[in-house]
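A.B. asks: Residue numbers (my numbering): -14 to 232. For every residue, glycine included, the Cβ atom is placed at its ideal position computed from N, Cα and C. Questions regarding the structure given below will be posed in turn.
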Ligand code: PGA
């Protein structure tokens, strides 16, 4: 089970970042639990260099450019040189600032060019009775899966994050039944790009108000490979409760 902790901009001191890292290292000793922490950029240099633990370190974004005259940009080679292993791409909070599928696919290319695993966020803003949200999701997945090499299709991690469920409470998150349906749908869409039954081997995780109280039910019978937790990942006790609930 993969747990990605998206700290967003919640963690704003080196002390807090180090404390959460220590907690994650303890939790990562449980068998079958893989943890990836996604701190804000200033803390990547604090956590990633020399990290020999089982905890992966993710950037929350990266640049479409590979270097040069690009003030303020953080490139995949800079991240790679620090020891960053993953990157969250296409998060809805970045898409809300104008990031298109074309930009996300550029960033996916940049990530793979430096052996950084992309955690690709997809998800609809709202649900409608006509199923337009399914077409929306298919378009987001197509934009990326259509540019991946055969090998990359099995390395990328897909995070299904319906926007309507982000930043709420466990009660307002997706239900296990709906998540099961969405997992089947996502694997079916991905299946168009992967021969045979290979799409079952692609890691698909869920994000959107995952908390200690709903995470167990969401793991059962949904076929989910893990979770991307936001607000529940930035308090040591709550994050510990979340990981313990699924181990
Ligand atoms: P949340 O955030 O757990 O606070 O809903 C998840 C996310 O946006 O990645």
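For residue 173, count neighbouring C-beta atoms within 10 Å of its own C-beta (all shown protein chains included) and say buried if the count is 16 or more, exposed if not.
C.D. replies: Exposed is the call here.
A.B. asks: If you draw a straight line from the alpha carbon of residue -12 to that of residue 204, how long is it in whole angstroms?
C.D. replies: Straight-line Cα distance between these residues: approximately 12 Å.
A.B. asks: Kindly confirm or deny that the stretch 145 to 160 and the stretch 188 to 200 touch, where touching means at least three C-beta pairs closer than 8 Å.
C.D. replies: The stretch 145 to 160 is in contact with the stretch 188 to 200.
A.B. asks: Does the stretch 86 to 105 come close enough to the stretch 129 to 144 to have 3 or more Cβ pairs within less than 8 Å?
C.D. replies: Touching, yes, given that three or more Cβ pairs across the two stretches are closer than 8 Å.
A.B. asks: Is it the case that the CB of residue 236 approaches a heavy atom of the ligand PGA more closely than 7 Å?
C.D. replies: Because the chain spans -14 through 232 in this model, residue 236 falls outside it and cannot be assessed.
A.B. asks: Under the three-state reduction of DSSP, which class applies to residue 86: helix, strand or coil?
C.D. replies: Helix at residue 86.
A.B. asks: Of the residues 91, 103 and 80, which one's Cα is nearest the Cα of residue 65?
C.D. replies: The option with the nearest alpha carbon to residue 65 is 103.
A.B. asks: Run the proximity test for residue 22: is its beta-carbon closer than 7 Å to any non-hydrogen atom belonging to the ligand PGA?
C.D. replies: Answer for residue 22: no, Cβ out of range of the ligand PGA.
A.B. asks: The alpha helix (DSSP H) with residue 27 in it runs from where to where?
C.D. replies: Segment 26 to 32, the alpha helix (DSSP H) holding residue 27.
A.B. asks: Helix or strand or just coil, what does DSSP make of residue 19?
C.D. replies: If DSSP states are grouped into helix, strand and coil, residue 19 belongs with the strands.
A.B. asks: Within 10 angstroms of the Cβ of residue 8, are there 16 or more other Cβ atoms? Answer buried if so, exposed if not.
C.D. replies: Result: buried.
A.B. asks: Among the residues of its own chain, which have a CB less than 8 Å from the CB of residue 228, if the five just before and after it don't count?
C.D. replies: Correct list, in chain order: -12, 12, 15, 18 and 20.
A.B. asks: Just checking residue -9 against the ligand PGA - is the residue's beta carbon closer than 7 Å to any of the ligand's heavy atoms?
C.D. replies: Answer for residue -9: yes, Cβ within range of the ligand PGA.
A.B. asks: Please report the straight-line C-alpha distance between residue 27 and residue 181, rounded to a whole angstrom.
C.D. replies: One C-alpha to the other measures close to 43 Å.
A.B. asks: Can you tell me whether residue 199 is buried or exposed, with buried defined as 16 or more other CB within 10 angstroms of its CB?
C.D. replies: Buried, since its Cβ has 16 or more Cβ neighbours within 10 Å.
A.B. asks: Compute the Euclidean distance between the alpha carbons of residue 118 and residue 110, then round it to the nearest angstrom.
C.D. replies: Cα-Cα distance, rounded: 8 Å.
A.B. asks: Taking DSSP as the reference, what is the three-state secondary structure of residue 216?
C.D. replies: In the structure shown, residue 216 sits in a helix (DSSP, three-state: H, G or I).
A.B. asks: Can you tell me the Cβ-Cβ gap for residue 35 and residue 70, rounded? I've got them flagged as a contact below 8 Å.
C.D. replies: Actually they are not in contact, since the Cβ atoms of residue 35 and residue 70 sit about 13 Å apart, beyond 8 Å.
A.B. asks: Can you give me the Cβ contacts of residue 75 inside the same chain, cut-off strictly under 6 Å, excluding the 5 residues immediately before and after it?
C.D. replies: If we look at residue 75 and ignore the five residues flanking it on each side, its Cβ neighbours are 89, 105 and 106.
A.B. asks: Among 134, 4 and 168, which residue has its Cα nearest to the Cα of residue 222?
C.D. replies: Closest by alpha carbon: 4.
A.B. asks: Look at residue -4 and residue 219 and say whether their C-beta atoms are less than 8 Å apart.
C.D. replies: Yes. Within cutoff.
A.B. asks: Can we count residue 213 as close to the ligand PGA, meaning its CB is less than 7 Å from some heavy atom?
C.D. replies: Within the cutoff, so yes.
A.B. asks: Is the separation between the beta-carbon of residue 208 and that of residue 160 shorter than 8 Å?
C.D. replies: Result no, Cβ atoms of residue 208 and residue 160 do not sit closer than 8 Å.
A.B. asks: Return yes when the C-beta of residue 71 is under 7 Å from any heavy atom of the ligand PGA, and no when it is not.
C.D. replies: No, the Cβ of residue 71 stays beyond 7 Å of every heavy atom of the ligand PGA.
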